[in-house]
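The numbering of the sequence shown is this note's numbering, which starts it at 1 and goes up by one.
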Amino acid sequence: MKTTKRENKSGTVRYLHLAHNEWDPVKGRAVPKVLFTFGREDDLDRDAVRRLVASLSKLLEPGDALAATTESDLEFVSSVPFGGAYALDQLWRRLRIDQIVARVGQPKRGRRRDMTTTERVLFALVANRALAPSSKLAAADWITNDVHINGLSETGEQTCYRAMDWLHEVTGDLEKQVFDEVANLLNLEVDLLFFDTTSTYFELEEPDEPVARDETGRRLDADDTGGDAKQVGFRTYGKSKDSRDDLPQIVIGMAVTRDGIPVRCWCWPGNASDQTLIRQVKDEMRDWTLSKIVWVADRGFSSAENRRYLRKGDHAYIIGEKLRSGSPEVQAALSRQGRYQDVGENMRVKEVRISDTDRFVICHNPEAAERDRHMREQLVAQLTDLIVDTDKLSDFKRGELRGRIADKPGLNRYLRATAAGKLRIDQAKIKAEENLDGKYLLRCSDPQLSAEDIALGYKQLLEVERGWRDMKQIIDLRPVYHRLEERIRAHVILCWLALLLIRITETTTGNTWPHIRRELDRLHLGTFTGPTGTFQQVTVLTKPQRDLLAKLGIPAPKQVLALQPATR
Numbered sequence: 001m002k003t004t005k006r007e008n009k010s011g012t013v014r015y016l017h018l019a020h021n022e023w024d025p026v027k028g029r030a031v032p033k034v035l036f037t038f039g040r041e042d043d044l045d046r047d048a049v050r051r052l053v054a055s056l057s058k059l060l061e062p063g064d065a066l067a068a069t070t071e072s073d074l075e076f077v078s079s080v081p082f083g084g085a086y087a088l089d090q091l092w093r094r095l096r097i098d099q100i101v102a103r104v105g106q107p108k109r110g111r112r113r114d115m116t117t118t119e120r121v122l123f124a125l126v127a128n129r130a131l132a133p134s135s136k137l138a139a140a141d142w143i144t145n146d147v148h149i150n151g152l153s154e155t156g157e158q159t160c161y162r163a164m165d166w167l168h169e170v171t172g173d174l175e176k177q178v179f180d181e182v183a184n185l186l187n188l189e190v191d192l193l194f195f196d197t198t199s200t201y202f203e204l205e206e207p208d209e210p211v212a213r214d215e216t217g218r219r220l221d222a223d224d225t226g227g228d229a230k231q232v233g234f235r236t237y238g239k240s241k242d243s244r245d246d247l248p249q250i251v252i253g254m255a256v257t258r259d260g261i262p263v264r265c266w267c268w269p270g271n272a273s274d275q276t277l278i279r280q281v282k283d284e285m286r287d288w289t290l291s292k293i294v295w296v297a298d299r300g301f302s303s304a305e306n307r308r309y310l311r312k313g314d315h316a317y318i319i320g321e322k323l324r325s326g327s328p329e330v331q332a333a334l335s336r337q338g339r340y341q342d343v344g345e346n347m348r349v350k351e352v353r354i355s356d357t358d359r360f361v362i363c364h365n366p367e368a369a370e371r372d373r374h375m376r377e378q379l380v381a382q383l384t385d386l387i388v389d390t391d392k393l394s395d396f397k398r399g400e401l402r403g404r405i406a407d408k409p410g411l412n413r414y415l416r417a418t419a420a421g422k423l424r425i426d427q428a429k430i431k432a433e434e435n436l437d438g439k440y441l442l443r444c445s446d447p448q449l450s451a452e453d454i455a456l457g458y459k460q461l462l463e464v465e466r467g468w469r470d471m472k473q474i475i476d477l478r479p480v481y482h483r484l485e486e487r488i489r490a491h492v493i494l495c496w497l498a499l500l501l502i503r504i505t506e507t508t509t510g511n512t513w514p515h516i517r518r519e520l521d522r523l524h525l526g527t528f529t530g531p532t533g534t535f536q537q538v539t540v541l542t543k544p545q546r547d548l549l550a551k552l553g554i555p556a557p558k559q560v561l562a563l564q565p566a567t568r
């Protein structure tokens, strides 16, 4: 600010100007240049100045904005992100998870345990997965220094581990009660339940030591081991869905509603087979208050035994079939004539009757068909370049080349060898593949669903795949910084709870979580100290922040959160 003075009849008048210094090469010094004149100091419109300062402060980072608008006798101490943890905490309480944590695991008789600290630590760990995923040691530091968690000013690594150990003990009851609250709050439709599995690997030199386990993969006590117990480690080798068969892994399953809300998750040893897992999942969901369910699963769960199991009770299934399995049912379905029915953008369906118990629906995606055709042409062109002029090679050299091609399934599919050992493009295979372009086959046991509902229901299985993608890319399911099986299982539950809050936020607001997180984390909490004490103040809500909180039904936070008078 620059002040100038003028003398008039009434005395000295002071004028205020906004100015900055510019170097004058002629004068050889800095000269003030007036940018704006506020007028007489005694007539200054201070409300207008406040509005100008508030408007300019929006261009700064939240912490700098608080510091810039602080009274001169106050000292700006610190600023931490506030909005993301605040919104998640409000949802956590709306789902009554804080009450559930206080309720489960309590002794039936005697004095109840105070779960306040455990509940706050568990919420903080869930918020950490959603906002800034890290190891538990780094999470404890994040909770203490880099975020505001209501009711938890600081914590330590061992406190986090104790909370996780308790979480593992009560997982079953907690999952069931959380589901009940979510179903009541969101009026969940659980007529379709989607199930799929994934794996996550551990960068270990050796797998875990084998221990006795029951048929569900849970570890048995030393006194419970019997003839039916299986000896297997938790982190062990299996078929990796991350293409890391060389490393020990665990298998994780998740059940998701048609809206993408994850209702439950499971963990198994790394060598668990998809073909048997869904039966355990159905048994363990049986006691939950669910109406008739149509289970939706992909081709990995399509065995006849699984289908019989899923039909028990009042349940049904929609399961993908392997088009290239060569089974009589698949061949019969593909050979039947009939017209396709358009059911949506890039989706046509045709129902064929080849069984008295199951219905088969062929789905065709024209865009996917074009992609399949283009990909096949590229593979055939690449294969043609590899085998051109190979008739001139020796049998040994051709054998070597054929072995290298065999390691590439995409290329090997279109290769055939003549009786004389010559390498040729398999034209019959190309023609057979053309008939499969853009198609997939569904099997359904529900007689009431239309072909359109079957196709669109199966398409929603992508919600599970989106859940796995978000777990691995946003929540950072791995790397898992734990060695003990109980801690690994608890870590997965924390990721599930974080995904649950994220999905509710996304479905309610219609925005993606990265966008929501980025916007809410711009809402900061600043700490100030002055002659009268210390207080914490929240930055002014922007319109996007107000809109997000309104869609979520969350009240705006108080402007001043804490006051601590100075000691006299």
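All C-beta atoms, glycine included, are put in the ideal place defined by N, C-alpha and C.
Predicted model, so just to flag it, every value in this text is computed and none were measured.
task: State the start and end residues of the unbroken beta strand (DSSP E) segment that holds R424.
output: L423 to I425
- request: Examine the Cβ distances between the segment 199 to 219 and the segment 242 to 252 and report whether three or more of them are shorter than 8 angstroms.
  value: yes
Delimiting residues of the alpha helix (DSSP H) encompassing Q275: D274 to M285
field: Length-filtered (4 minimum) alpha helix (DSSP H) runs lying within the segment 387 to 440
entry: 395 to 406, 409 to 412 and 427 to 434
message: Below 8 angstroms on the Cβ atoms is my contact criterion, and I expect E22 with V34 to pass it. Report the Cβ-Cβ distance as a whole number of Å.
response: Actually they do not touch by this definition, with Cβ atoms about 11 angstroms apart.
field: Rounded straight-line distance, which links the Cα of T390 to that of V464
entry: 46 angstroms
message: Out of T198, D196, A229 and F194, which one is the CA nearest neighbour of D210?
response: It should be pointed out that residue 210 corresponds to Pro in this sequence rather than to Asp. The residue with the shortest Cα to Cα distance from P210 is A229.
task: May I ask you to verify whether the segment 174 to 184 touches the segment 263 to 283, counting CB pairs closer than 8 angstroms and requiring at least 3?
output: yes
- prompt: So which of D283, G313 and Y317 has the shortest CA-CA distance to D298?
  reply: Y317
- prompt: What's the gap between the Cα of D47 and the Cα of L16?
  reply: 15 angstroms
- prompt: Taking DSSP as the reference, what is the three-state secondary structure of L461?
  reply: coil
field: Whole-angstrom C-beta distance between L563 and Q545, which should lie under 8 angstroms
entry: The pair is not a contact, with the Cβ atoms about 24 angstroms apart (cut-off 8 angstroms).
message: Three Cβ pairs or more, each shorter than 8 angstroms: is that satisfied between the segment 438 to 453 and the segment 360 to 378?
response: yes
field: Chain-order list of residues whose beta-carbon lies under 8 angstroms from that of R489 (same chain, five-residue window excluded)
entry: H168, T171 and C267
- prompt: From T507 to D242, what does the alpha carbon distance come to, in whole angstroms?
  reply: 28 angstroms
query: Which runs of the beta strand (DSSP E) spanning at least 3 residues fall entirely within the segment 320 to 394, listed in chain order?
result: 341 to 344, 347 to 352 and 359 to 364
message: Give me, in chain order, the residues of the same chain whose beta-carbon lies closer than 6 angstroms to that of L552; leave out the 5 immediate sequence neighbours on both sides.
response: T508
field: Beta-bridge partners of M254, as assigned by DSSP
entry: D196 and C265
- prompt: Quick one: Cα of G421 to Cα of D395, how far?
  reply: 7 angstroms
- prompt: What is the residue span of the alpha helix (DSSP H) that K5 lies within?
  reply: K5 -> not in any alpha helix (DSSP H); beta strand (DSSP E) instead, spanning K2 to N8.
query: Residues in its own chain within less than 7 angstroms of P207 by CB, not counting five upstream and five downstream?
result: G233, R235, T236, Y237 and P248
task: Can you give me the Cβ contacts of T594 inside the same chain, cut-off strictly under 7 angstroms, excluding the 5 residues immediately before and after it?
output: The shown model of the chain, from 1 to 568, leaves out residue 594, and the question about it has no answer.
query: What three-state label does DSSP hand N595 in the structure shown?
result: Nothing in the structure corresponds to residue 595, since the chain is present only between 1 and 568.
message: What does the Cβ neighbour count give for P328, buried or exposed, with the cut at 16 atoms within 10 Å?
response: exposed
- request: Using only alpha-carbon positions, find the residue among S450, T3 and E157 that is nearest to T12.
  value: T3
- prompt: Thinking C-beta only, is N150 closer than 8 angstroms to D89?
  reply: yes
query: What is the DSSP secondary structure of P544, reduced to helix, strand or coil?
result: helix
message: Once the 5 residues before and after K136 are set aside, which same chain residues still bring their CB inside 7 angstroms of it?
response: E157, C160, Y161 and Y481
task: Count the C-beta pairs between the segment 92 to 111 and the segment 141 to 149 that are closer than 8 angstroms, then say yes if the count reaches three, no if not.
output: no
- prompt: Are D101 and T117 closer than 8 angstroms when you measure CB to CB?
  reply: Here the sequence assigns Val to residue 101, which means Asp is not the residue at that position. Not closer than 8 angstroms, so no.
query: Can the beta-carbon of G457 be found closer than 8 angstroms to that of V281?
result: no
- request: Under 7 angstroms Cβ to Cβ from L122, same chain only, skipping five residues before and after it: list those, please.
  value: V101, A163 and L167
- prompt: Would you report the Cα separation of G270 and R258, rounded to the nearest angstrom?
  reply: 28 angstroms
message: Closest to R353 by C-alpha separation, out of Q337, E175 and E345, would be which residue?
response: Q337
message: Is it buried or exposed, S345, if we count other Cβ atoms within 10 angstroms and call 16 or more buried?
response: Reading off the sequence, residue 345 comes out as Glu, not Ser. E345 comes out exposed.
- request: Let me know the secondary structure DSSP gives E305 once reduced to three states.
  value: helix
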